[in-house]
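Here the structure comes first, spelled out in structure tokens, and everything after it is commentary.
2 protein chains.
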Amino acid sequence: MSKKDRLIYLPLGGAGEIGMNCYVYGYGPADRERLIVVDLGVTFPDMETSPGVDLILPDVSWLRENAERIEAIFITHAHEDHVGALGWLWPDLKAPVYARRFTAAIATLKMEELGRPLDVIREVAPRPASVKAGPFTVQFVPVSHSIPESSALVIDSPAGRIVHTGDFKLDGTPIVGEPFNPHLWHEIAREGDGVKVLTCDSTNVFSPRPGRSEATLTAPLTDLILGQKGMVVATTFASNVARLKTLAEAGRAAGRSVCLLGRAMRRMVKTAAETGVLKDFPPLITPEEALSLPRSEVMLLVTGSQGERRAASAALSRGKYLGLELKEGDLFLFSSKTIPGNERGVIRVMNALSEIGVVVVDDNDGLYHVSGHANRPDLEAVHDLMAPRILLPMHGEHRHLREHCRIAAAKGLGWELATNGTMVDLTGEAPSVVEMIEAGRIYLDGTVMIGAMDGVVRDRIRMAMNGHVLVTVLLDEEDRPVGDAWVETMGLAERTSGGRPLAEAVEGELNAYLDIAAEDVLAEDDKLEEALKRIVRKAVMEEAGKKPEVTVVTSRLVAE
Amino acid sequence: MSKKDRLIYLPLGGAGEIGMNCYVYGYGPADRERLIVVDLGVTFPDMETSPGVDLILPDVSWLRENAERIEAIFITHAHEDHVGALGWLWPDLKAPVYARRFTAAIATLKMEELGRPLDVIREVAPRPASVKAGPFTVQFVPVSHSIPESSALVIDSPAGRIVHTGDFKLDGTPIVGEPFNPHLWHEIAREGDGVKVLTCDSTNVFSPRPGRSEATLTAPLTDLILGQKGMVVATTFASNVARLKTLAEAGRAAGRSVCLLGRAMRRMVKTAAETGVLKDFPPLITPEEALSLPRSEVMLLVTGSQGERRAASAALSRGKYLGLELKEGDLFLFSSKTIPGNERGVIRVMNALSEIGVVVVDDNDGLYHVSGHANRPDLEAVHDLMAPRILLPMHGEHRHLREHCRIAAAKGLGWELATNGTMVDLTGEAPSVVEMIEAGRIYLDGTVMIGAMDGVVRDRIRMAMNGHVLVTVLLDEEDRPVGDAWVETMGLAERTSGGRPLAEAVEGELNAYLDIAAEDVLAEDDKLEEALKRIVRKAVMEEAGKKPEVTVVTSRLVAE
């Protein structure tokens with residue numbers, strides 16, 4: 013370790029938000045550190061802040077500018093918020109991608125969809141296997157989460173050991189994957205100088221009770237399903253393969269054959285089986301076979317636990333889906349938690365099911381779902397087990413990170429509340445912020461990438477709030493209006509509060525102005541547009557109480 | 013009771029949704045029943061389904077058409093979802109409005125704001141006082157809820173007694189207002205033929221544990237506040253005057269002076285004091301006085317528990333508000349529940365407070381808030397106490413009404429799941445649906461009322477999802493294009509995925525088409541617009557992966 017080398021940490025996504033994870037570690041001379049990237053995730057748009065957007069990606073401009081310094085990309089697990097941006101952003105980074113088998117298989121699909129090279133993906137075995145990436149040596153350590161093969165990373169650098177937990181929970185009986193093994197973690201904490209930095213999941217820091225194991229769901233789920241006479245449908249995240257197994261086994265125990273509905277879910281189960289992480293999954297039947305069986309012998313496992321309009325759940329709530337139709341007396345189970353912001357969509361599906369007469373059961377009582385994240389007591393147990401000198405909370409909104417820092421402070425640990433874009437120097441025994449990097453969001457909109465702050469989405473929101481008025485004016489060679497101004501509106505009431513056609517009312521005001529407009533205004537597009545916009549806004553405000561967006565098109569005839 | 017007379021029930025809002033309450037009862041010859049209206053509430057827009065809308069009102073077309081049959085309007089309590097539409101819709105109904113004192117005061121403010129007559133509002137004392145309204149005799153019976161002076165209505169008709177609960181909970185120690193009195197209810201149930209119909213709140217039918225009293229909050233709130241060294245801020249619904257008193261007293265007990273922030277809250281407390289429903293409220297200080305005191309001696313009670321952008325909570329989270337500013341070490345308490353759909357707004361405020369360093373406490377553990385609605389065991393207790401022959405669940409989404417019907421069925425009661433627009437005949441011993449009335453939503457948009465299905469808001473949502481392209485084409489007297497087509501875009505990326513200016517790319521396609529377009533297309537505006545729209549959509553889909561809204565303006569030169 014040279015005196016001039018430093019160890020840095022830079023979150024570019026996932027620190028100050030839940031989702032869109034992307035973290036960078038670097039080691040070497042300042043501004044020439046060799047870099048590794050941990051996770052390349054996406055987050056999802058919503059109508060309130062990002063209408064019409066398809067996907068939200070971290071802004072990796074800084075990585076792109078420093079692409080030649082990147083040694084490797086590590087993917088902790090195959091959730092969209094950890095791997096979803098890989099295919100989109102890989103061309104900016106062009107580094108080898110390391111992941112365990114199942115995650116590598118999903119990462120490969122992501123790359124394949126966008127025509128990226130597949131040979132950059134390297135499958136890695138768990139610790140003690142390790143990857144050498146420039147000054148770093150990295151090991152994948154199995155942890156429990158709500159998807160198979162989640163991993164924490166043990167990252168050794170000349171300036172000390174970092175443990176990057178990824179998403180995790182402590183589960184001694186996780187149904188799929190390795191149980192939590194305190195001895196393994198104790199070993200990691202004791203090797204060499206121990207753990208310098210724990211970069212730690214904060215998602216459930218506000219959950220005060222210890223987390224429960226996946227295995228606790230088997231009995232209540234089996235009881236619930238045993239009591240049913242109609243069809244049973246259950247939804248959870250497509251990637252929660254352990255839950256799918258728990259549900260399917262509960263269905264089997266109740267004498268039901270299991271059918272998967274939803275492309276994402278079938279793909280996950282297939283990949284999990286092919287990569288060997290999912291064993292002994294009950295045999296599956298096709299939708300056609302499900303149709304031929306009595307309802308009491310069928311269990312459907314379906315996508316759409318978050319109320320997504322296009323998923324199988326929503327489709328079933330609206331009517332037939334692949335020939336299958338729900339009826340009075342059927343049961344629909346949400347074996348899931350509603351992510352904040354998705355409530356309306358989930359409630360919409362629940363009410364549509366209620367209208368059909370289906371009994372809807374959710375996790376109100378905590379019987380049918382367990383979280384994939386460590387709760388506060390579990391986080392504290394991990395702090396104590398790993399005994400890091402510095403805690404860097406990640407995977408959380410600002411309030412989660414702050415609460416996690418409070419816990420670190422109370423334990424006498426060093427800590428830093430580093431949100432996206434905060435570069436932290438971890439070389440010494442106390443962390444320090446050295447630089448703020450431009451970190452933001454990029455929107456995939458159709459097939460185009462746009463900056464979140466570019467104004468495109470802002471204009472859409474404004475049109476949605478205020479409506480849009482289009483004004484067309486034709487001027488002759490001498491800048492005199494030809495005919496009247498023409499107004500079209502979209503997203504505005506047709507009539508004013510007084511009952512007149514709104515477009516006519518606005519045209520009246522515009523034409524009155526054009527009759528008396530000064531020559532220099534008529535001669536200059538910018539001036540004229542500004543003047544006409546003002547008149548439109550004023551008129552619509554007076555006539556309808558709205559302040560619309562306005563586009564003015566001035567056409568000028570030219571002498572032939 | 014003539015053989016030809018019937019008793020009807022018709023919900024126009026609030027049955028199949030939470031909010032926008034409006035219920036009609038009628039008695040008399042079919043289609044000539046004399047009517048009473050219970051509540052005239054609003055609901056609130058959201059970005060996903062009603063962007064830009066100011067307020068959502070029930071569609072009372074049916075009442076307007078039958079206005080001369082309306083004997084009276086009764087308002088159960090002063091929440092916006094029960095009284096908020098009064099001022100807007102009264103001119104359609106023009107009937108006297110009955111309410112208890114506090115509610116009448118708020119109703120008067122609503123009428124005053126819109127310049128409606130005030131003398132139609134009649135203040136009524138609680139039972140045994142009664143109002144005669146055509147064939148009905150109506151009594152107001154005090155119930156507990158999260159606003160002062162909530163009332164159930166006992167509605168006597170020649171065909172039997174109806175108890176319309178309004179929003180209610182069972183609270184023996186409600187801090188403000190009358191405690192729950194089972195004897196009174198028992199008396200109502202025993203009089204005459206007892207209760208024929210119980211029209212009953214369903215909001216909390218999925219809450220399995222008995223509700224808690226407002227008084228249970230005093231100790232935990234006092235403990236929480238006593239432990240604080242900085243400023244303490246608490247938010248709850250402005251109209252929850254009992255909670256404000258509980259909070260203010262807890263603050264006083266901790267040696268703090270109380271300051272109210274937010275117009276709605278000051279108005280509620282003032283009205284409650286003036287109408288005598290609020291007694292012994294701790295003395296209040298002004299924001300200026302709060303500024304002059306040490307932070308440890310101040311408690312702010314503020315509006316904005318739902319994360320509303322313009323309320324005091326959000327303002328304080330962003331910086332100074334009336335000179336007051338929060339700091340590291342202050343405490344911010346949400347003594348409230350987040351209404352589904354408001355999560356993002358609330359979380360935004362919480363994170364902004366976290367960024368300042370303020371400790372945010374919410375009701376995660378159920379210590380600092382109690383619901384204003386009866387939970388399932390309380391609902392069942394009321395069913396048993398009132399012993400109705402028919403249960404009509406109201407105040408709930410479809411799933412709540414269905415669950416409430418299930419309970420009624422299990423008890424052997426008659427029931428009907430009547431959503432908005434369902435006219436139910438209650439004359440006999442079993443309810444029956446007799447007619448479906450057009451019932452929907454009206455949007456107040458600026459100063460104009462628009463139908464929810466008019467397409468105006470649908471167009472706004474489409475512009476927000478897809479962007480808007482404007483095409484201007486100029487044609488000469490012989491229908492030949494003059495110059496090129498002109499394209500403006502709003503809410504679309506400036507450049508295509510290939511990097512070309514999008515407007516240019518689209519113009520290229522349009523001009524290529526105009527060069528070869530058939531004469532009959534060029535001659536007809538509709539045909540031409542259709543053709544150009546198709547070209548724009550196809551071009552933008554190819555170049556940017558979006559299918560935009562398109563407006564085409566064709567200007568035609570006329571021979572002079």
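Chains A and B, in that order, are what the protein sequence lines are.
Take 13 as the starting number for the first sequence in the working numbering and just add one per residue.
Take 13 as the starting number for the second sequence in the working numbering and just add one per residue.
Built from N, CA and C at the ideal position, the CB exists for glycine as well.
For residue i, would you say it is in contact with chain A, using Cβ-to-Cβ distances shorter than 8 angstroms as the test?
i	result
Leu482 of chain B	yes
Ile473 of chain B	yes
Gly223 of chain B	no
Met465 of chain B	no
Phe114 of chain B	no
Ala476 of chain B	yes
Phe344 of chain B	no
Pro513 of chain B	no
Lys558 of chain B	yes
Leu486 of chain B	yes
Val361 of chain B	no
Ser444 of chain B	no
Glu12 of chain B	The structure shown does not extend to residue 12 of chain B, since chain B is modelled only from 13 through 572, so no value can be given for it.
Mind checking residue i: buried by the 16 CB within 10 Å criterion, or exposed?
i	result
Arg18 of chain A	buried
Met243 of chain A	buried
Gly204 of chain A	exposed
Ile174 of chain A	buried
Asp235 of chain A	exposed
Gly408 of chain B	buried
Thr185 of chain A	exposed
Thr120 of chain A	buried
Lys257 of chain B	buried
Val153 of chain A	buried
Gly38 of chain A	buried
Could you pull out every residue in the same chain whose Cβ sits closer than 6 angstroms to the Cβ of residue i, ignoring the five residues on either side in sequence?
i	result
Leu238 of chain B	Ala266
Val65 of chain B	Pro57, Tyr455 and Asp457
Pro389 of chain A	Pro222
Gly28 of chain B	His410, Thr431 and Asn432
Ala420 of chain B	Leu403 and Trp427
Looking only at its chain, what residues have a beta carbon closer than 8 angstroms to the beta carbon of residue i, apart from the 5 residues adjacent to it on each side?
i	result
Val253 of chain A	Ile159, Pro160, Val188, Met280, Val281, Ala284, Val289 and Leu290
Leu569 of chain B	Leu486, Leu487, Asp488, Glu489 and Val494
Just checking: is the beta-carbon of residue i within a distance shorter than 8 angstroms of some beta-carbon in chain B?
i	result
Ile547 of chain A	no
Leu504 of chain A	yes
Asp538 of chain A	no
Gly99 of chain A	no
His381 of chain A	no
Arg10 of chain A	With chain A covering 13 to 572 only, the question about residue 10 of chain A has no answer from this structure.
Gly353 of chain A	yes
Asp183 of chain A	no
His395 of chain A	no
Pro57 of chain A	no
Between which residues of its own chain and residue i is the CB-CB distance below 7 angstroms, once the five residues before and five after are set aside?
i	result
Ser329 of chain A	Val361, Ala364 and Leu365
Lys241 of chain A	Ser308 and Gly341
Ala201 of chain B	Val207, Leu397, Met398 and Ala399
Counting only beta-carbon atoms, is residue i nearer than 8 angstroms to chain D?
i	result
His416 of chain A	This model lacks chain D altogether, as its protein chains are A and B.
| message | Check whether the region 426-433 of chain A and the region 220-230 of chain A are in contact - that is, three or more C-beta pairs closer than 8 angstroms. | response | The region 426-433 of chain A makes no contact with the region 220-230 of chain A: fewer than 3 CB pairs, one atom from each, lie closer than 8 angstroms.
| task | Could you tell me whether the region 394-403 of chain A touches the region 117-135 of chain A, using the rule of 3 or more Cβ pairs below 8 angstroms? | result | By the criterion of at least three beta-carbon pairs nearer than 8 angstroms, the region 394-403 of chain A is not in contact with the region 117-135 of chain A.
| query | For the 8 angstroms Cβ check, are there 3 or more pairs between the region 188-198 of chain B and the region 378-387 of chain B? | reply | With contact defined as three or more Cβ pairs closer than 8 angstroms, the region 188-198 of chain B and the region 378-387 of chain B are not in contact.
| said: For the pair the region 447-454 of chain B and the region 62-77 of chain B, tell me if three or more CB-CB distances fall below 8 angstroms. | reply: Yes, the region 447-454 of chain B is in contact with the region 62-77 of chain B.
| the region 522-536 of chain A in contact with the region 461-478 of chain B per 3-pair CB rule at 8 angstroms | Judged by Cβ distances under 8 angstroms, the region 522-536 of chain A makes no contact with the region 461-478 of chain B, as fewer than three pairs qualify.
| request: Report the residue ranges of all alpha helix (DSSP H) runs contained in full by the region 395-475 of chain A; include only those spanning at least 4 residues, in chain order. | output: If we require 4 residues or more, the alpha helix (DSSP H) runs fully inside the region 395-475 of chain A come out as 410-422.
| query | Can you give, in chain order, each stretch of the alpha helix (DSSP H) that sits fully within the region 74-110 of chain B and has at least 4 residues? | reply | Counting only runs of 4 or more, we get 92-95 and 98-105.
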